[in-house]
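Trainee: Dumping the structure here so I can ask a few things about it.
Encoded structure:
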């Protein structure tokens, strides 16, 4: 049976304030927790239903058998009959911006979009994403769930963007509605690829730092593309 203390603790981690205070976050479901257990994240607590006892009750400091109802009460899933883990957040550490292809996100606020972008990055072998301070929190449960476990393989670093992009030694490629058709651009091998806010795109200050301004051409009447879809299209062109 789950104690009230642990229940309150897990539910509190749905809020950024307490994730930051505790340095911990939650992962729900078989896929996410399996990826978590195969990564270098430190797991501090595991809740599992009897059906998953043999699969998940191994090598964890504190593992508690619970009912699916208890999982649903403390987690964000409407239905969870498997497993939930609490893990320690990674430090917000820098990475080398001037080697390979890295993603840069400015003010991507929707947790689902950030999670999907992380998943797309993982698909294309992108290991690093630089986020502006206004982006959604990596450890928001909606972000973690949307990554489908890819958060374990992609480094996310939060920092003020302008000062870093000004120091970039590789091309800075961004998408706008007035850029050059991406299918007609000779794309660089190493680059920082900048994607902007869901509603407003990139800011003028960041756009001024672009060395390549590209456009994903449309053929229909839609006003814009979802930022996660646009990211996938841009990355696909880089790896053609």
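Numbering (our numbering), first residue to last: 1 to 240.
Even glycine gets a Cβ: it sits at the ideal position worked out from N, Cα and C.
Remember, predicted model here, so these are calculated numbers, not experimental data.
Just mark residue 239 as buried or exposed, buried being the case when its beta carbon has 16 or more other beta carbons within 10 Å.
Mentor: Residue 239 comes out exposed.
Trainee: Can you check whether the CB of residue 110 is closer than 7 Å to the CB of residue 132?
Mentor: Not closer than 7 Å, so no.
Trainee: Candidates 141, 21, 81, 232: which alpha carbon is nearest residue 182's?
Mentor: Selected option, being the one with the closest Cα: 232.
Trainee: On the DSSP bridge list, what partners appear for residue 197?
Mentor: 201.
Trainee: Grouping DSSP H, G and I as helix and E and B as strand, with all else coil, what is residue 28?
Mentor: Residue state, collapsed to three classes: strand.
Trainee: Does DSSP classify residue 221 as helix, strand or coil?
Mentor: Coil.
Trainee: Taking the continuous beta strand (DSSP E) assigned at residue 172, which residues delimit it?
Mentor: Segment 172–181, the beta strand (DSSP E) holding residue 172.
Trainee: Beta-carbon within less than 7 Å of residue 67's beta-carbon, same chain only, minus the 5 sequence neighbours each way: which residues are those?
Mentor: Around residue 67: 49.
Trainee: Taking the Cβ atom as the reference point for each residue, do residue 113 and residue 28 lie within a distance shorter than 7 Å?
Mentor: No. Outside cutoff.
Trainee: Along the chain, where does the alpha helix (DSSP H) that runs through residue 121 open and close?
Mentor: That run of the alpha helix (DSSP H) goes 111–123.
Trainee: Which residue or residues does DSSP assign as beta-bridge partners of residue 241?
Mentor: No information on residue 241 is available, as it lies outside the stretch 1 to 240 that the chain covers here.
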